[in-house]
Structure formats: C-alpha cells, structure tokens
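Residue numbers (my numbering), protein chains in the order written: chain Y, 1 to 215; chain P, 216 to 430.
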DNA sequence: CAGCATCCGCTTTGATACTG
DNA sequence: CAGTATCAAAGCGGATGCTG
C-alpha cells in the first residue's frame with residue numbers, strides 16, 4: 001500500500017494494516033493462533049492466493065506475524081502473531097462491535113465459518129462463575145464448536161462433546177442474535193433455533209438476561 | 216469497495232469503512248465536527264478530489280455522515296458525523312494507539328496538521344483537576360493550538376492566547392513525544408523543544424510524571 | 001471560490017492456472 | 001502444502017474542466 005505520508009498514528013497504522021484483507025488475516029490468527037497457509041485460505045473465503053502471499057510477506061516485514069518452518073515430522077509452515085500483532089486485538093474488537101448492526105441487513109449470501117464465533121463470544125462473561133463450569137455445543141455451520149466457561153470467561157474451540165450441558169443448533173444469524181443480545185432464548189427458538197439440554201447453561205453466558213441462574 | 220461477503224461483524228464493518236481514505240475522513244470529522252469539503256481536503260493531504268467526493272457519498276449512503284446544505288448567508292455544504300459515525304471513535308482510538316510506535320521511524324517527509332493533536336491529547340487527563348484550569352499554547356505546524364483543561368479532561372482547539380500559562384514550540388515529533396509519554400520535559404527541551412511560561416502547567420497533563428503539581 | 005465530474009495512466013486486486 | 005505466474009478488471013492518483 002502506498003503510504004499516506006501523514007505524521008499521525010492512525011494513518012501510520014493504516015499504512016501497515018489498511019490494505020484490503022490485511023485486518024481479516026489478523027482476525028484469523030487472533031482466533032486460531034498457529035495457522036497454516038491453507039487454514040488461512042479456508043478462513044478467508046474469497047481471497048486470491050497471490051494476495052494472501054503478498055499480505056503475509058508484508059505483515060512479516062512489519063513485525064506483525066512470524067513464519068516458522070516446522071521441523072520434518074510435520075514439514076509445514078506455520079504463521080503466528082507476534083506480540084505486536086496480538087496488540088491489534090482492540091482494533092478488531094472495536095471494528096467488530098461497530099459492525100454488529102450490519103449483520104442484520106443482507107445476510108444474503110455471506111459465507112460463515114464456525115470458528116468466527118470465537119470473536120464475539122470471547123467478550124462474553126460467565127454470569128455464575130462460582131458454579132461448576134458449563135459446556136455448550138454449538139452447531140451452526142461448517143463444524144461444531146464447543147463453548148465453555150473457564151474462570152468466569154468464555155472460550156470457544158472446535159469439537160464435540162456428548163456430555164455437553166446443552167446443544168444449540170441453528171443458522172448463524174439466529175445463533176449470533178442469541179449471543180449478541182438481540183433476542184432472548186424463547187424468541188431465538190421461535191426463529192428456528194433448536195436447544196437440547198439445559199437452558200440454564202445458555203443463560204450463564206448469554207447477555208443481560210437478569211434471571212442468571214434461573215430454571 | 217467490493218464486499219467481503221462474510222457473515223462476520225468485523226468484515227461487515229470493513230465493507231463500510233475499509234476503503235482507502237475512509238477512516239481518515241472519519242478521523243477529520245471526529246476532530247472538527249462541522250466540516251466543509253475544502254476543510255476535509257486540507258486535513259487529508261494527498262487525497263484526490265474525486266475520491267473524496269466518492270467516499271463522502273458512500274459514507275452518506277451508509278448513514279455514517281450527513282450532508283447539510285447551509286442556508287444562503289454561508290452558502291456552503293457542511294459534513295457532519297451521525298451518531299453512528301461518532302461510534303467509530305473507538306476504532307480510530309485503537310488504531311491510533313497501535314500506530315504510536317510507528318511514529319518514531321521515518322518521520323521523513325510526512326505531513327503534519329496541528330489539529331491532529333486533538334486525537335492523542337484528547338485521551339490525556341488533568342492530573343490536578345482541583346486546581347484552576349490551565350491553558351497551553353502549542354506551536355508546532357500550520358497553526359497554533361490551545362490545549363486547555365476542562366473538568367479533568369483535555370480539550371484541543373485552534374487559537375492563540377497571550378495569557379496562556381505556557382507556550383510550547385517545537386517540531387511535531389518532539390511535541391508528540393512529550394505528550395505521548397516517550398520523554399519527560401527536560402529531555403524534550405534537550406531535543407529542541409522550547410518552553411515559555413509555567414512548566415507545572417505542562418506537567419498537569421503530560422503522562423505519568425509522578426511529580427504532578429510540583430515546582 | 002466551493003464542490004464536484006471527467007479523463008487518463010498507473011497500481012492493485014481477483015480469478016485461474018501452474019509448480020517445487 | 002505453499003506458494004509463483006499470468007492477465008483482465010477494478011481502483012487509485014493527478015490533472016484539468018465545469019458549474020452554481
């Protein structure tokens with residue numbers, strides 16, 4: 001990207017991460033830290049392979065990511081954020097928060113990847129951290145995800161758990177509306193979300209229902 | 216901009232503000248709210264006039280800014296952020312914070328506009344709000360700026376004040392280093408910064424000197 | 001003069017094909 | 001798997017011209 005040549009911190013930041021796709025690459029790495037080239041391609045549907053290669057090179061030059069050639073057993077390259085790259089998390093968080101209202105319009109033909117749930121759900125809190133941790137399996141797109149409470153926080157990872165406290169199945173819009181606070185559980189169910197198991201587990205992490213550990 | 220077509224809040228946000236120049240236009244409007252077309256051009260050195268017009272149209276369509284045709288006495292168009300547009304402030308703040316380390320390298324031929332001081336200085340706090348407010352005149356680029364304490368916060372506006380508690384003169388790098396906490400006042404002076412008046416006034420707002428109201 | 005629109009050369013991006 | 005190569009299309013930058 002051609003520099004803005006402005007002595008302004010925001011402009012300098014955009015000189016580095018203002019290119020098309022760049023911040024989305026950082027998003028992928030924030031979600032699933034050690035990442036192979038093909039993992040990135042999968043998490044960035046629509047990116048051209050030459051652009052991905054270009055951007056990775058630029059990010060490496062700017063000290064945002066590192067490229068590690070793994071030893072023979074795996075024999076692959078893994079990309080990782082440097083501390084400087086992880087410091088971009090607040091930027092992605094701010095952008096994500098601002099973009100939430102835009103999810104409602106035109107859910108048309110937009111692609112969704114289950115692991116993207118980690119970004120908005122990572123900001124949720126366990127409303128009853130003194131209770132035993134809960135696990136919720138969320139089935140909404142390419143792969144099932146496990147949403148678990150850990151030390152009052154919420155972690156998201158791919159996987160299945162037959163002993164999960166609850167299992168949620170639904171389209172990405174309904175699932176996200178539930179976890180972003182747009183609707184309560186009943187409304188989500190009326191809109192096609194299917195819940196199996198303990199509704200209280202969902203209430204533990206869903207936003208501002210004031211009946212925390214009810215049921 | 217072509218949409219990323221991803222059902223992800225951050226990607227949707229970038230669909231709207233991810234274009235080149237777009238976030239810098241928002242920066243300008245965050246700093247000096249009602250803005251004319253030519254004011255924007257001045258605050259965005261290097262932008263092509265057709266791009267500015269394009270971006271303003273897109274931002275208007277997306278509900279980020281409004282265009283008001285002022286009544287005959289002034290006979291000009293003024294651009295303003297909507298509440299939705301002002302909600303982008305955290306995005307610019309996060310970008311700016313991340314970009315601070317980039318200011319040190321290549322201060323080469325980068326352009327500077329004094330009113331940009333408002334962004335980083337707006338995050339400073341008055342360390343002694345119980346004392347009477349202070350005013351500092353900062354002369355560093357195209358126009359003198361007044362930095363004043365108001366209710367524990369710091370406001371920045373263009374202007375001159377012969378009765379300012381202190382006057383600071385210096386290049387943008389030295390002035391910013393001082394106010395961003397890179398160096399203390401003595402070091403800044405050794406690097407060419409000229410202070411006239413009360414050093415304590417500067418200490419009131421400069422970051423983490425633990426001698427707050429000293430002298 | 002303020003607020004654009006048009007034109008044109010250059011750069012970036014997107015899509016696909018191909019390679020160590 | 002991790003890219004490079006190629007090429008058409010879109011976007012950008014700079015200059016200039018037009019209109020109230």
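For each residue, glycine too, the CB sits at the ideal point set by N, CA and C.
Can you tell me whether DSSP reads residue 16 of chain Y as helix, strand or coil? For the purposes of this step, residue 16 of chain Y is taken as the residue at position 16 of the first chain. In the structure shown, residue 16 of chain Y sits in a helix (DSSP, three-state: H, G or I).
Report yes if the CB atom of residue 115 of chain Y is closer than 9 angstroms to the CB atom of residue 32 of chain Y, and no otherwise. For this step, residue 115 of chain Y is matched to residue 115 along the first chain. For this step, residue 32 of chain Y is matched to residue 32 along the first chain. Their beta carbons are under 9 angstroms apart, which means residue 115 of chain Y touches residue 32 of chain Y by this criterion.
Contact the segment 55-72 of chain Y vs the segment 178-186 of chain Y: 3+ CB pairs below 8 angstroms: no
Less than 9 angstroms separating the beta-carbons of residue 206 of chain Y and residue 119 of chain Y? Counting from 1 along the first chain, the entry for residue 206 of chain Y is found at position 206. Counting from 1 along the first chain, the entry for residue 119 of chain Y is found at position 119. Cβ distance not < 9 angstroms, so residue 206 of chain Y and residue 119 of chain Y don't count as in contact.
What does the alpha-carbon distance come out to for the pair residue 364 of chain P and residue 179 of chain Y? Looking up residue 364 of chain P in the second chain gives position 149. Looking up residue 179 of chain Y in the first chain gives position 179. So the alpha carbons of these two residues sit roughly 41 angstroms apart.
Residue 317 of chain P: beta carbon under 8 angstroms from a heavy atom of the ligand FAD? Among the ligands in the structure shown, none appear at all, so the ligand FAD cannot be discussed.
Does the distance from the CB of residue 239 of chain P to the CB of residue 41 of chain Y come in under 9 angstroms? For this step, residue 239 of chain P is matched to residue 24 along the second chain. For this step, residue 41 of chain Y is matched to residue 41 along the first chain. Contact: no.
Residue-level contact to chain Y via CB, residue 216 of chain P, 9 angstroms cutoff: The count along the second chain starts at 1 and reaches residue 216 of chain P at position 1. Taking Cβ atoms only, chain Y reaches closer than 9 angstroms to residue 216 of chain P, which makes this a yes.
For the alpha helix (DSSP H) containing residue 26 of chain Y, list its first residue and its last residue. In the first chain, residue 26 of chain Y corresponds to position 26, counting from 1. From DSSP, the alpha helix (DSSP H) with residue 26 of chain Y extends over 22-31.
Cβ neighbours of residue 370 of chain P in the same chain (closer than 7 angstroms, five flanking residues each side left out): What you label residue 370 of chain P is simply residue 155 of the second chain in a count that begins at 1. Hits under 7 angstroms: 363.
Assuming residue 386 of chain P and residue 407 of chain P make a contact with CB atoms under 8 angstroms, what is their CB distance in whole Å? By 1-based counting over the second chain, the position of residue 386 of chain P is 171. By 1-based counting over the second chain, the position of residue 407 of chain P is 192. Confirmed, Cβ separation roughly 7 angstroms.
Between the C-alpha atoms of residue 304 of chain P and residue 98 of chain Y, what's the straight-line distance to the nearest angstrom? What you label residue 304 of chain P is simply residue 89 of the second chain in a count that begins at 1. What you label residue 98 of chain Y is simply residue 98 of the first chain in a count that begins at 1. Taking the straight line joining both Cα atoms gives about 10 angstroms.
Per DSSP, what kind of secondary structure is residue 70 of chain Y in: helix, strand or coil? As a working note, residue 70 of chain Y is residue 70 in the first chain. DSSP places residue 70 of chain Y outside both helix and strand once states are collapsed to three, so it counts as coil.
Candidates P:346, P:270 and P:297: which alpha carbon is nearest residue 249 of chain P's? Numbered from 1 along the second chain, position 34 holds the residue referred to as residue 249 of chain P. Here the closest residue by C-alpha is P:297.
Do residue 327 of chain P and residue 292 of chain P have their beta-carbon atoms positioned less than 9 angstroms apart in this structure? Along the second chain, one-based indexing puts residue 292 of chain P at 77. Along the second chain, one-based indexing puts residue 327 of chain P at 112. Judged by their CB atoms, residue 292 of chain P and residue 327 of chain P are not nearer to each other than the 9 angstroms cut-off.
Please report whether the beta-carbon of residue 368 of chain P lies at a distance below 9 angstroms from any beta-carbon of chain Y. By one-based count along the second chain, residue 368 of chain P stands at place 153. It does not; no Cβ of chain Y falls within 9 angstroms.
For residue 47 of chain Y, I'd like the list of residues in its chain whose CB is within less than 7 angstroms of its CB, leaving aside the five on either flank, ordered along the chain. As a working mapping, residue 47 of chain Y is identified with position 47 in the first chain. For residue 47 of chain Y, same chain residues with a beta-carbon under 7 angstroms away, outside a window of 5 residues either side, are 21 and 41 in chain order.
Under the three-state DSSP convention, the category residue 401 of chain P falls into: Here residue 401 of chain P refers to the residue found at position 186 of the second chain. In this structure, residue 401 of chain P counts as helix in the three-state DSSP scheme.
Am I right that residue 374 of chain P and residue 344 of chain P are in contact with their C-beta atoms under 8 angstroms? What's the rounded C-beta distance? As a first step, residue 374 of chain P is located in the second chain; it is residue number 159 there, counting from the start. As a first step, residue 344 of chain P is located in the second chain; it is residue number 129 there, counting from the start. The pair is not a contact, with the Cβ atoms about 22 angstroms apart (cut-off 8 angstroms).
Taking Cβ-Cβ distances shorter than 7 angstroms, what residues in chain P pair up with residue 85 of chain Y? Residue mapping note: residue 85 of chain Y aligns to position 85 of the first chain, counting from 1. Within chain P, no residue comes near residue 85 of chain Y; the closest Cβ sits about 10 angstroms away, beyond 7 angstroms.
Less than 9 angstroms between the C-beta atoms of residue 138 of chain Y and residue 175 of chain Y, yes or no? Residue numbering aside, residue 138 of chain Y sits at position 138 when the first chain is read from its first letter. Residue numbering aside, residue 175 of chain Y sits at position 175 when the first chain is read from its first letter. A contact, by the Cβ cut-off of 9 angstroms.
Since I believe residue 134 of chain Y is in contact with residue 161 of chain Y (beta carbons under 8 angstroms), could you give me their beta-carbon distance rounded to a whole number of angstroms? For the purposes of this step, residue 161 of chain Y is identified with residue 161 of the first chain, where counting begins at 1. For the purposes of this step, residue 134 of chain Y is identified with residue 134 of the first chain, where counting begins at 1. Residue 161 of chain Y to residue 134 of chain Y, Cβ: 11 angstroms. No contact.
Sequence-distant residues of its chain with Cβ nearer than 6 angstroms to residue 284 of chain P (five each side left out): As a working note, residue 284 of chain P is residue 69 in the second chain. Closer than 6 angstroms at the Cβ level, and outside the excluded window around residue 284 of chain P, lie 292.
Contact check, residue 233 of chain P vs residue 243 of chain P under 8 angstroms by CB: the rounded distance? Along the second chain, one-based indexing puts residue 233 of chain P at 18. Along the second chain, one-based indexing puts residue 243 of chain P at 28. Their Cβ separation, rounded to whole angstroms, is 17 angstroms, which puts residue 233 of chain P and residue 243 of chain P out of contact at 8 angstroms.
Using Cβ-Cβ distances below 7 angstroms, what residues of the segment 171-203 of chain Y are close to chain P? 172
Between residue 55 of chain Y and the rest of its own chain, which residues show a CB-CB distance below 6 angstroms, the 5 nearest in sequence each way excluded? As a working note, residue 55 of chain Y is residue 55 in the first chain. Closer than 6 angstroms at the Cβ level, and outside the excluded window around residue 55 of chain Y, lie 21, 22 and 25.
Thinking residue 13 of chain Y and residue 311 of chain P are a contact (beta carbons under 8 angstroms), I'd like their distance in whole angstroms, please. The sequence position of residue 13 of chain Y within the first chain is 13, counting from 1. The sequence position of residue 311 of chain P within the second chain is 96, counting from 1. Beta-carbon to beta-carbon, residue 13 of chain Y and residue 311 of chain P are separated by about 7 angstroms, close enough to satisfy the 8 angstroms threshold.
How would you call residue 341 of chain P, buried or exposed, if buried means at least 16 neighbouring beta carbons within 10 angstroms? Residue 341 of chain P sits at position 126 when you count from the first residue of the second chain. Buried, by the Cβ-count rule.
Residue 15 of chain Y to residue 306 of chain P, Cα distance in whole Å? Against the first chain, residue 15 of chain Y aligns to sequence position 15. Against the second chain, residue 306 of chain P aligns to sequence position 91. Residue 15 of chain Y and residue 306 of chain P: Cα-Cα distance of roughly 15 angstroms.
Let's test the definition: count the other Cβ atoms within 10 Å of the Cβ of residue 260 of chain P and tell me whether it reaches 16, buried, or not, exposed. As a working mapping, residue 260 of chain P is identified with position 45 in the second chain. Under this definition residue 260 of chain P is an exposed residue.
How many Å lie between residue 275 of chain P and residue 216 of chain P at the Cα? As a first step, residue 275 of chain P must be located in the second chain, where it is residue number 60. As a first step, residue 216 of chain P must be located in the second chain, where it is residue number 1. Distance between the alpha carbons of residue 275 of chain P and residue 216 of chain P is about 15 angstroms.
For the alpha helix (DSSP H) containing residue 394 of chain P, name the first residue and the last one. Position 179 of the second chain, counted from the first residue, corresponds to residue 394 of chain P. Element bounds for residue 394 of chain P: 387-395.
In the DSSP assignment, what are the bridge partners of residue 364 of chain P? Reading the second chain from its first residue, position 149 is the one you call residue 364 of chain P. Paired residues: P:369.
Can you name the residues of chain P whose CB is closer than 7 angstroms to the CB of residue 8 of chain Y? What you label residue 8 of chain Y is simply residue 8 of the first chain in a count that begins at 1. By Cβ distance, chain P contributes 331.
Tell me the residue span of the beta strand (DSSP E) that contains residue 136 of chain Y. Along the first chain, one-based indexing puts residue 136 of chain Y at 136. 135-139 is the span of the beta strand (DSSP E), which, as asked, contains residue 136 of chain Y.
Residue 46 of chain Y at chain P interface by Cβ criterion, 9 angstroms: The sequence position of residue 46 of chain Y within the first chain is 46, counting from 1. Output row for residue 46 of chain Y: interface = yes.
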